[in-house]
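Peer 1: Can you read through this structure? Questions will come right after.
Below, the structure is given as structure tokens:
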């Protein structure tokens, strides 16, 4: 025998702000999961969402209840009620009613013993006068996106007057002055690191120090290394972290024979895309600490920096989002 669980999601797809005075409304059957991080929302802001979770009281029991919101500025009949019934035996039923003309509620999902139902509170496309609008278990193929409340013309391009001074885009034929100045400082560190790597590699009869000194005398021909970490979620982050650790001379044994430690110190640029940016960002925001320092930390902030046991496919409890 299995218990029944229900997650109710209310999407406010209007410019209004429904609010309720009930912190925990009474259910006919079942009970709310009173998580302090996920209470029934007192107010659902325009364009945002609210969530509440409930379950049956015992094995073999069902869930039945409702929650009512009011919208200021629409007179005494300003209620919007969301109702649900998830019996132990039988079909799940959901209904919602708006007493305010020109608004309605659409219902998505709600199937199974552990159901998720989404109520979408929307403004009707037509301004037909109706005393109430009701939708019962209406399954829609999609929810249309809405423009932000302060968007002047939606998302479509529009005609505007040209400014008196036409904007200009920098001709990207050369590096900017700021980056050029930064490169002069960075080169002082990368050249010495590159000399160390080439000396350790012991390439034949080449005097690598003299070779690099000759290049340094011609500042326009300096070798510059760029490292890019690809995207791909946790896998890209961990693979990128492994590569950076191998390139970092601060990693234990990375500077031994046949190893690549020091390439990171000789690099001018380090970038990452999507999942790759997570490892790059982790290092930069921690004053460019080493990967080894993060994975070896037993206490303190670094020991909790990378939490791979958390799913990247599940959102945070109580998180609001734009539809």
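Residue numbers (my numbering): 271 to 593. Note that beta-carbon positions come from the ideal geometry of N, C-alpha and C, so glycine has one too. Remember, predicted model here, so these are calculated numbers, not experimental data.
1. Is it buried or exposed, residue 483, if we count other Cβ atoms within 10 angstroms and call 16 or more buried?
2. Evaluate the contact criterion for the segment 450-458 versus the segment 523-533: three or more CB pairs, one atom per stretch, below 8 Å.
3. According to DSSP, is residue 393 helix, strand or coil?
4. Below 6 Å CB to CB, which residues in the same chain sit around residue 295 once its five sequence neighbours on both sides are set aside?
5. By DSSP, does residue 669 sit in helix, in strand, or in coil?
6. Where residue 602 and residue 465 are concerned, what is the direct C-alpha to C-alpha distance, given to the nearest angstrom?
7. When the Cα of residue 276 is compared with those of 290, 493, 332, 313, which residue comes out closest?
8. Classify residue 514 as buried or exposed, calling it buried when 16 or more other Cβ atoms lie within 10 Å of its own Cβ.
9. So, residue 349 versus residue 366, is the Cβ gap smaller than 7 Å?
10. Under a Cβ-count criterion, where at least 16 other Cβ atoms within 10 Å of its own Cβ denotes burial, should residue 389 be classed as buried or exposed?
11. What residues in its chain sit with their C-beta under 7 Å from that of residue 289, if we drop five residues either side in the sequence?
12. Who does residue 289 pair with in a DSSP beta bridge?
13. Do you know how far the Cα of residue 523 is from the Cα of residue 517?
14. What do you get for residue 284, buried or exposed, if any count of 16 or more other CB atoms within 10 angstroms of its CB means buried?
15. Around the Cβ of residue 324, are there at least 16 other Cβ atoms within 10 angstroms (buried) or fewer (exposed)?
16. Please classify residue 310: is it buried, with 16 or more other beta-carbons within 10 angstroms of its beta-carbon, or exposed?
Peer 2: Short version:
1. exposed
2. no
3. strand
4. 337
5. No statement about residue 669 is possible, as the shown extent of the chain runs from 271 to 593 and does not include it.
6. Summary: the structure shown does not reach residue 602, with the chain confined to residues 271 through 593, and so no result is reported for it.
7. 332
8. buried
9. no
10. buried
11. 312, 313, 339, 340
12. 313, 340
13. 11 Å
14. buried
15. buried
16. buried
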